[in-house]
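K.L.:
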Amino acid sequence: MAYNTPPMGWNSWNTFGDEFNEKTIKEIADAMVSSGLKDAGYEYVLIDDAWQTMDRDAEGRLQAHPEKFPSGMKALSDYIHSLGLKFGIYSCSGPLTCCSRPGSLDHEFIDAKTFAEWGVDYLKYDYCYHSPVMHGKYLYRRMGLALKNSGREILFSACTIGRDEPGTWMRETPATMWRSTCDISDSWESIKDLTKQQDAILELGGKACYNDMDMLVVGMRGKGNVALGGCTDTEYKTHFSIWAMFGSPLIIGSDIRNMDEATKAILTNKELIKINKDEAYRQVIKLTAIDEDVPCYARMLDNGDIAIGCFSFADSDGLARFTIDELGLTESTGKTLELHSLWDDECLTITHGTFMHTIKAHDCLVYRARVVDIK
Ligand code: GLA
């Protein structure tokens, strides 16, 4: 099955690390429904590393940790499915996972079959301890084939933690997404760093095999496994805008059982989610900016509109500026752009082909732009 838009969901790693159990995950699944996240499009509940025991069973199968998951994985998956959500699990292409549990190397087909029996809908597949003598592409082709032949539709989320240029070869495997970055942390520096890494790989974006910029930290507020000082609401808003506009899968990492209103408003911004899920899934264009700390990007949308975002990485207030010539809209066309902000009611028309706007430190300006006649 081809996945026509980037997946959306929640993953245990950012908040819980290796400390989660069936009660936590069920509560998260409940919160996904009651908070309105499911209605906003989030559908996968994903358990990351450390759900397993330290050893395989006598038949060589992976086993759920009996104290953390006393009812077993099938029961958890049934519960998640009963809420109309989908269930995802984690494994690794090496002999061990990043948390040193048994990895899937040389057990790919038996593991894929086990996951299918448990009702798994999504597999995140990591890259720790991978073989130094075998290129990662063979390992991801192999697990991709194992999943495809498991008897169940399972989305394959390939995570080489950004290593070995996955964007240049992952599209040839059955993967639906590939992690372009190292691990995110809940800090502005990390958001800035992961965004800047994208400039070199914008042309590798594309439909059905999505560039995964890593899980969101929106709403973590400095608490949890990847906490590193936390971010302000403005920074979380900019982070979400970038991930959504760049077409990254939107996988929440905060504890949604205690979600505050600001976090919810960010994670459920309908217009941004619509841009994230735009059917055409065009690659992102970097526009020429006057200030390299305030880059602006555009993305052509399926209905002829354009998504435009300017993001401030500057530590003081500044100016966002770009020209629409770069989008082909010179004055000779008789056309300009009408910009509708995706965060407030602002609506403005670009005159003389140039957009110039004040922008607060770490903030963003994100618009859906419509092509209109010059008046
Ligand atoms: C790697 C991945 C993370 C997480 C951990 C789990 O670091 O990049 O997203 O899955 O492993 O051990």
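Under the numbering used here, the first residue of the sequence shown carries the number 1057, and numbering increases by one thereafter. Ideal placement from N, C-alpha and C gives every residue a C-beta, glycine not left out.
#1: Under 7 Å from any heavy atom of the ligand GLA, does the C-beta of W1244 make it?
#2: If distances are taken between C-alpha atoms only, which option among R1208, G1409, S1372, L1393 comes closest to K1416?
#3: Does DSSP put Y1196 in a helix, a strand or coil?
#4: Could you check the C-alpha separation between H1186 and T1288 for me, to the nearest Å?
#5: With which residues is K1391 paired in a DSSP beta bridge?
#6: Going by the C-beta, is W1066 closer than 7 Å to any heavy atom of the ligand GLA?
#7: Using DSSP with H/G/I as helix, E/B as strand and the rest coil, what is L1258?
#8: Determine the direct distance from the alpha carbon of G1223 to that of C1352, and round the result to whole angstroms.
#9: Y1098 by DSSP, collapsed to three states: which one?
#10: Compare the Cα-Cα distances from A1172 to each of R1277, C1155, N1281, I1145 and report the closest residue.
#11: Can you give me the Cβ contacts of G1374 inside the same chain, cut-off strictly under 8 Å, excluding the 5 residues immediately before and after it?
#12: Identify which residue in M1057, S1138, P1063, F1125 has its Cα closest to the Cα of M1269.
#13: Going by Cα to Cα distance, which pick from I1136, T1407, G1390 is closest to E1099?
#14: Answer yes or no: the CB of D1381 versus the heavy atoms of the ligand GLA, is any distance below 7 Å?
#15: Within 8 Å, do at least three Cβ pairs link the stretch 1202-1213 to the stretch 1238-1245?
#16: Nearest to T1170 by CA position, among Q1108, S1397, C1420, is which residue?
#17: Mind checking N1267: buried by the 16 CB within 10 Å criterion, or exposed?
#18: Pull up the DSSP beta-bridge partners for C1352, would you.
#19: Touch check for the stretch 1110-1117 and the stretch 1066-1083: three-plus C-beta pairs under 8 Å?
#20: Could you spell out the range, first to last residue, of the beta strand (DSSP E) harbouring W1066?
#21: Would you call A1363 buried or exposed, if buried means 16 or more other Cβ atoms sit within 10 Å of its Cβ?
#22: From G1073 to G1218, what does the alpha carbon distance come to, in whole angstroms?
#23: Name the residue from E1078, S1138, D1162, Q1339 whose alpha carbon lies nearest to the alpha carbon of E1123.
#24: Could you pull out every residue in the same chain whose Cβ sits closer than 6 Å to the Cβ of F1165, ignoring the five residues on either side in sequence?
#25: In whole angstroms, what is the alpha-carbon distance linking A1318 and S1068?
#26: Put D1347 into one of helix, strand or coil per three-state DSSP.
#27: What would DSSP say about Y1337, mapped onto helix, strand or coil?
#28: So is the beta-carbon of W1069 under 7 Å away from any non-hydrogen atom of the ligand GLA?
#29: Alpha carbon to alpha carbon, how far is K1431 from I1329? Give it in angstroms, no decimals.
#30: Can you list, in chain order, the residues of its chain with a C-beta nearer than 6 Å to that of D1113? Leave out the 5 residues immediately preceding and following it.
#31: Can you find a heavy atom of the ligand GLA that lies under 7 Å from the Cβ of A1146?
#32: Which one of R1277, M1271, F1125, S1246 has the shortest CA to CA distance from M1233?
#33: Looking at C-alpha atoms only, which residue of S1138, M1301, A1131 is the closest neighbour of A1336?
P.N.:
Put simply:
#1: Sequence index remark: in the sequence shown, residue 1244 carries index 188 (1-based). No; taking the cut-off as 7 Å, the Cβ of W1244 has no heavy atom of the ligand GLA nearer than that.
#2: Taking the sequence shown and counting its residues from 1, the one referred to as residue 1416 is at position 360. Minimum Cα distance to K1416 is reached at S1372.
#3: The count along the sequence shown starts at 1 and reaches residue 1196 at position 140. Reduced to three states, the DSSP call for Y1196 is helix.
#4: Working through the sequence shown from its first residue, we reach residue 1186 at position 130. Working through the sequence shown from its first residue, we reach residue 1288 at position 232. Taking C-alpha positions only, H1186 is separated from T1288 by approximately 37 Å.
#5: Sequence index remark: in the sequence shown, residue 1391 carries index 335 (1-based). When DSSP reads this structure, K1391 sits in a beta bridge with D1429.
#6: Residue mapping note: residue 1066 aligns to position 10 of the sequence shown, counting from 1. If you check the C-beta of W1066 against the ligand GLA, you find no heavy atom less than 7 Å away.
#7: The residue you call residue 1258 lines up with position 202 of the sequence shown. In the three-state reduction of the DSSP assignment, L1258 falls in the helix class, which pools H, G and I.
#8: To locate residue 1352, count along the sequence shown from 1; it is residue 296. To locate residue 1223, count along the sequence shown from 1; it is residue 167. One C-alpha to the other measures close to 23 Å.
#9: Mapped onto the sequence shown, residue 1098 falls at position 42. Of the three classes helix, strand and coil, the one that applies to Y1098 here is coil, per DSSP.
#10: Sequence index remark: in the sequence shown, residue 1172 carries index 116 (1-based). The shortest C-alpha to C-alpha distance from A1172 to any of R1277, C1155, N1281, I1145 is the one to I1145.
#11: For the purposes of this step, residue 1374 is taken as residue 318 along the sequence shown, with counting starting at 1. Excluding positions up to five away in sequence, the list reads D1347, D1349, V1350, S1368, T1414, I1415, A1417.
#12: Translated into positions along the sequence shown, residue 1269 becomes position 213. Put simply, of M1057, S1138, P1063, F1125 the residue whose alpha carbon is nearest the alpha carbon of M1269 is P1063.
#13: Start at 1 with the first residue of the sequence shown, and residue 1099 comes out as number 43. Closest in C-alpha terms to E1099, from the list I1136, T1407, G1390, comes I1136.
#14: To locate residue 1381, count along the sequence shown from 1; it is residue 325. Checking every heavy atom of the ligand GLA against the Cβ of D1381, none is found closer than 7 Å.
#15: The stretch 1238-1245, when compared against the stretch 1202-1213, does not touch it at the 8 Å Cβ threshold.
#16: For the purposes of this step, residue 1170 is identified with residue 114 of the sequence shown, where counting begins at 1. The option with the nearest alpha carbon to T1170 is Q1108.
#17: One-based indexing of the sequence shown puts residue 1267 at position 211. That one is buried.
#18: Here residue 1352 refers to the residue found at position 296 when the sequence shown is read from its first residue. Per DSSP, C1366.
#19: Between the stretch 1110-1117 and the stretch 1066-1083 there are fewer than three inter-stretch CB-CB distances shorter than 8 Å, so the stretches are not counted as touching.
#20: Working through the sequence shown from its first residue, we reach residue 1066 at position 10. 1064-1067 is the span of the beta strand (DSSP E), which, as asked, contains W1066.
#21: Mapped onto the sequence shown, residue 1363 falls at position 307. Result: buried.
#22: Taking the sequence shown and counting its residues from 1, the one referred to as residue 1073 is at position 17. Taking the sequence shown and counting its residues from 1, the one referred to as residue 1218 is at position 162. When rounded, the distance between both Cα atoms is 20 Å.
#23: Along the sequence shown, one-based indexing puts residue 1123 at 67. Here the closest residue by C-alpha is E1078.
#24: In the sequence shown, the residue the question calls residue 1165 occupies position 109. Hits under 6 Å: A1202.
#25: Start at 1 with the first residue of the sequence shown, and residue 1318 comes out as number 262. Start at 1 with the first residue of the sequence shown, and residue 1068 comes out as number 12. Straight across, the Cα-Cα distance linking A1318 with S1068 is about 21 Å.
#26: Against the sequence shown, residue 1347 aligns to sequence position 291. D1347 falls in the coil class under three-state DSSP.
#27: For the purposes of this step, residue 1337 is taken as residue 281 along the sequence shown, with counting starting at 1. Coil, per DSSP.
#28: One-based indexing of the sequence shown puts residue 1069 at position 13. Result yes, Cβ under 7 Å from the ligand GLA.
#29: Position 273 of the sequence shown, counted from the first residue, corresponds to residue 1329. Position 375 of the sequence shown, counted from the first residue, corresponds to residue 1431. About 31 Å.
#30: Counting from one through the sequence shown, the residue named residue 1113 turns up at place 57. Q1119, listed in sequence order.
#31: Walking along the sequence shown from the start, residue 1146 turns up at place 90. Per the sequence shown, residue 1146 should be read as Tyr rather than Ala. Result yes, Cβ under 7 Å from the ligand GLA.
#32: Working through the sequence shown from its first residue, we reach residue 1233 at position 177. Looking only at R1277, M1271, F1125, S1246, the smallest Cα-Cα distance to M1233 is reached by M1271.
#33: Taking the sequence shown and counting its residues from 1, the one referred to as residue 1336 is at position 280. Of the listed residues, the one whose Cα sits closest to A1336 is M1301.
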